[in-house]
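Right, one structure below, let's go through it.
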Amino acid sequence: MNGPFSGLYKLSTFITRFAYTNLIWIFFNAPVVYLLLHLIVTDAKNMNHLLAITACLLPFVFFPATTALYGVVRRWIIKENDSGLLITFWSLYKENYRKSVTGGVFLVIFWGAWLVNYVQLIQSLSGLILIVYLLLTGLFITWTAYFFSYIVHFERGVIPALTNALMLAVSHPISTAAVAGLHMALFYLSLGQLYLIASVGGSLVAYCGFFYFYQAVQKTIRVQHVRKEAKGEKSY
């Protein structure tokens with residue numbers, strides 16, 4: 001297939017693949033989605049109760065599903081063949097479940113403390129401190145995205161994944177800003193347009209998150225290679 005129809009076919013295939021993968025991700029997140037929908041319509045009296053239940057479910061539901069999602073888009077980016085989206089997703093889900101849950105427990109506690117601290121201090125934060133707080137929030141968003149990416153890209157434990165993901169986010173500020181900006185923009189848009197999350201939102205964020213992660217990793221490897229060569233030349 002040549003000409004403009006070839007481009008349209010590739011685009012439609014690309015969108016369909018994103019939408020189907022996103023649908024699988026939402027299906028695996030069904031309990032969390034159910035609770036989040038209830039949060040939209042619940043009264044203030046029951047909100048804290050629902051938030052607590054949702055937070056407890058996240059490490060066991062959201063994190064394994066999102067890790068599998070990152071694993072799927074990783075294969076697209078590095079052009080690695082798979083045996084079908086659903087089969088690949090399920091295989092990655094099972095393969096990384098334990099590490100996803102362990103990392104998820106830590107990150108849920110971290111984000112819970114961070115957000116509670118923000119809510120309690122928002123009224124007393126000055127302009128400059130608020131900006132610093134928001135910048136750190138962006139850094140931690142990218143850290144979380146890079147954690148998912150690290151889990152599916154390297155055969156390492158949870159602690160190395162958390163520490164190396166944070167170091168990568170800190171050492172590549174441009175990529176970090178891009179990933180954080182995309183997450184914040186999608187969150188803002190989805191407040192009034194929930195269909196964005198339901199259609200391609202999760203897949204799009206995971207794709208961009210892993211793309212920037214992969215670029216940062218490749219850049220780091222190139223820099224390390226140049227340094228080793230430079231040290232080798234000095235030794236002569």
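The opening position of the sequence shown corresponds to residue 1 in UniProt numbering, with each subsequent residue numbered one higher.
Beta carbons are placed, not taken as given, at the ideal position from N, Cα and C, and that holds for glycine.
N-terminal and C-terminal residue of the alpha helix (DSSP H) that residue i is part of
| i | result |
| --- | --- |
| P64 | F62 to I77 |
| G138 | G127 to H153 |
| N29 | Run containing N29: none; DSSP gives neither H nor E here. |
| N46 | A44 to L57 |
Anticipated Cβ contact below 8 Å, residue i with residue j, distance rounded
| i | j | result |
| --- | --- | --- |
| P64 | V101 | 7 Å |
| L85 | V72 | 7 Å |
| V179 | T142 | 4 Å |
| A165 | Y150 | 5 Å |
| V200 | L186 | With 8 Å as the limit, V200 and L186 do not qualify as a contact, their Cβ atoms being about 10 Å apart. |
| F18 | S203 | 4 Å |
| Q218 | S175 | About 11 Å separates the two Cβ atoms, so there is no contact after all. |
| T88 | R75 | 7 Å |
| L162 | G103 | 6 Å |
| L92 | V152 | 7 Å |
Where residue i falls: helix, strand or coil (DSSP)
| i | result |
| --- | --- |
| T102 | helix |
| G181 | helix |
| E229 | helix |
| H172 | coil |
| S124 | coil |
| S203 | helix |
| T13 | helix |
| S83 | coil |
| G157 | coil |
| N96 | coil |
| Y20 | helix |
Cβ-heavy atom distance, residue i to the ligand ZN, below 7 Å
| i | result |
| --- | --- |
| G103 | Only the bare structure without any ligand can be found here, which leaves the ligand ZN out of the picture. |
Below 8 Å, how does it come out for the segment 53-72 and the segment 30-40: are there three or more Cβ pairs, yes or no? Segments in contact, yes.
With a threshold of 8 Å, are at least 3 pairs of Cβ atoms found where one atom belongs to the segment 65-74 and the other to the segment 93-109? Short answer: they touch.
Does the segment 122-139 come within contact of the segment 150-158, defined as at least 3 CB pairs closer than 8 Å? no
Three or more beta-carbon pairs under 8 Å between the segment 36-45 and the segment 11-25, yes or no? no
Measuring CB atoms only, is the segment 197-213 touching the segment 146-154, in the sense that at least three cross pairs come out at less than 8 Å? The way I'd put it, the segment 197-213 does touch the segment 146-154; three or more beta-carbon pairs between them come closer than 8 Å.
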